[in-house]
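Student: Pasting a structure here, questions to come.
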Amino acid sequence: MKLNRRRALLVILAMATSVAAAAAIALASPGSGATASVRVSQASEQHPDQVLEWNQIFVDTLIATNTRNSSSQRLGAIVHTAIFDAYNGIERRYTPIFVHDQGPSGASRRAAVIAAAYTALVALFPSQEQPLSDRYAASLAALSDDGEDGGQSRERGIAWGTQVAQAVLAWRAADGFSASYPPFTGGTAVGQWRPIPPDTMMSAQGLAFTAPFVVESNTQFRPDPPRALASDTYTEDFNAVKALGRRTGSTRPEAQTELAPFWEGNASVHWNQAANQIARANHLSISDSNRLLAVLNIAMADTAFTIWSAKRHYGADPAQVTWRPLTAITLADTDGNPETVPDPDWLPLVATPSHPEYPAGHPAQNGAAATVVLSHFAEGQTFTLTTAGLPSQTYISIAQARADGNNARVWGGMHYPSTVAISDAVGEAIANYVNANSMQLLRDSRLSR
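In terms of the numbering used here, the sequence shown is residues 11 to 459.
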């Protein structure tokens, strides 16, 4: 099934009808949702939610290891599949993701969460075994729901959570991500992606061949081919990013200059931070937090696989326009479009990633993540996001964070406005599919909170 572009193109028309229009959209009050603090639920602090606790530990681990964005979505999906199936295997509220066995009677669901998360994280981040072991011990020490049976409930939960995580890890070990693939270097046809020195090949190519968690295949939501070099859309795209994304002499204001590198940060860190803080502020139950974060991380992972598969597919086709703005602007005298003027000295604000421009990874992640969060909460929420080495950003609007994250790809000189709009729509479609087709409520479920 191909993604219908009609809806995405409506966004493109709003973003890129002219250089002035694109600039006007990019100027739309970035970060205007800033406030002084993040609301934290006192109830959540008094009654710890182990799902949110270990989600935060996952985020902390990504930050501590400086894990690349391209690897993070898959890791988040593995961790939260293990957590979800461990808790849900005892609760039996939803259809499982992977492990269909029922947990042992009388097992502690909270202990199962702790053990599943710890087992998955230690396997995925072996360098962090000691800090993770310390947090595991502290988490278990704080656990109170042992069933008043001398700890048997807790021990059954630990054994079950460990078993579930090991099954999930074994499943994903053969998903194609870590296999060896020949280097991909694109091509030199006009409009085709090629590495920008010092890079020599496509990065994170394994994502293009990784089996998804929930969607049927990496091509189910593949977007249509990108705009042609002679199209009005390409002309508008070219001139918009040329004006807004240049390192010096840009038309963007200082606020956008600050946000572009901020939103180059890890999308899994950003959107898990948002979901975790919003869940706490809205007093979400541990069962609901469990599903929220599983849907979020799986939607983001399946979006990453879909986007990288499309990058690899279109990047290999010399007839498709996948070159980055830096290549396009410096070689514009070769594109056959009289409305694009070359600038051999043009440089982007943010360093260009080494993979084809179309479609775009970060905007697709923003579309997927924001769609999941908005399916659970009202649009107006307060949350603070961080990127290593830069000032944090606080928002009071999910939509504003999504817009800033998307526009930052143009402000940074890495993507064209039409690519951003189409990619966001891909992520939204995948998020809606995961939410509607996985982890579905069982008719005879009995919720215990």
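C-beta: ideal position from N, C-alpha, C; glycine also.
Suppose contacts are defined by Cβ-Cβ distances below 8 Å. Is ILE93 in contact with TRP64 by that definition?
Tutor: The answer is yes: Cβ separation under 8 Å.
Student: Quick one: give me the first and last residue of the beta strand (DSSP E) that THR404 is part of.
Tutor: Where THR404 is concerned, the enclosing beta strand (DSSP E) stretches over 403–405.
Student: Report yes or no: do three or more beta-carbon pairs, one from the region 252–264 and one from the region 416–427, lie closer than 8 Å?
Tutor: Contact holds: three or more Cβ-Cβ distances are below 8 Å.
Student: Can you tell me the Cβ-Cβ gap for THR195 and ARG204, rounded? I've got them flagged as a contact below 8 Å.
Tutor: Correct: roughly 7 Å between the Cβ atoms.
Student: Answer yes if the region 102–115 comes into contact with the region 134–147, meaning at least three C-beta pairs across the two stretches below 8 Å, and no otherwise.
Tutor: Counting Cβ pairs under 8 Å, fewer than three are found: no touch.
Student: Just the C-alpha distance for GLY346 and HIS280, rounded to the nearest angstrom, thanks.
Tutor: Taking the straight line from one Cα to the other gives about 40 Å.
Student: For HIS365, does the count of other Cβ atoms within 10 angstroms reach 16, so buried, or fall short, so exposed?
Tutor: Label assigned to HIS365: buried.
Student: Nearest by alpha-carbon distance to ARG164: which of GLN173, ARG182, LEU150 is it?
Tutor: Considering only alpha carbons, the answer is LEU150.
Student: When the Cα atoms are used, what is the spatial distance from LEU306 to LEU85?
Tutor: Approximately 12 Å between the Cα atoms of the pair.
Student: Do you know offhand how far ALA333's Cα is from GLN202's?
Tutor: What sits at residue 333 in the sequence shown is Trp, not Ala. Cα to Cα, TRP333 sits roughly 5 Å from GLN202.
Student: Considering PHE248, what are the terminal residues of the alpha helix (DSSP H) in which it resides?
Tutor: Residues 242–254.
Student: Determine the closest residue to MET449 out of ARG301, GLY113, ASP353, with distance taken between C-alpha atoms.
Tutor: Considering only alpha carbons, the answer is ARG301.
Student: In whole angstroms, give me the CA-to-CA distance for GLN283 and ALA238.
Tutor: Their backbone Cα atoms lie some 38 Å apart in a straight line.
Student: Can you tell me whether TYR128 is helix, strand or coil according to DSSP?
Tutor: Residue state, collapsed to three classes: helix.
Student: So the candidates are ASP70, LEU452, GLU226, ALA411; which of them puts its Cα closest to the Cα of ASP312?
Tutor: Nearest of ASP70, LEU452, GLU226, ALA411 to ASP312, Cα basis: GLU226.
Student: Going by C-alpha to C-alpha distance, which of ASN98, ALA121, VAL123 sits closest to GLN112?
Tutor: Here the closest residue by C-alpha is ASN98.
Student: Check LEU359 in the structure and name its three-state DSSP category.
Tutor: Coil, per DSSP.
Student: Could you tell me the distance, in whole angstroms, from the CA atom of ALA32 to the CA atom of THR261?
Tutor: Low local confidence applies: a pLDDT of 34 at ALA32 is under 50, so the model's placement there is unreliable, with the coordinate-based value given in what follows. When rounded, the distance between both Cα atoms is 11 Å.
Student: Given this structure, state the Cα-to-Cα distance separating GLY116 from THR429, to the nearest angstrom.
Tutor: For GLY116 and THR429, the distance between alpha carbons rounds to 51 Å.
Student: Between which two residues does the beta strand (DSSP E) harbouring PHE219 extend?
Tutor: That residue, PHE219, is in no beta strand (DSSP E); it is neither H nor E in DSSP.
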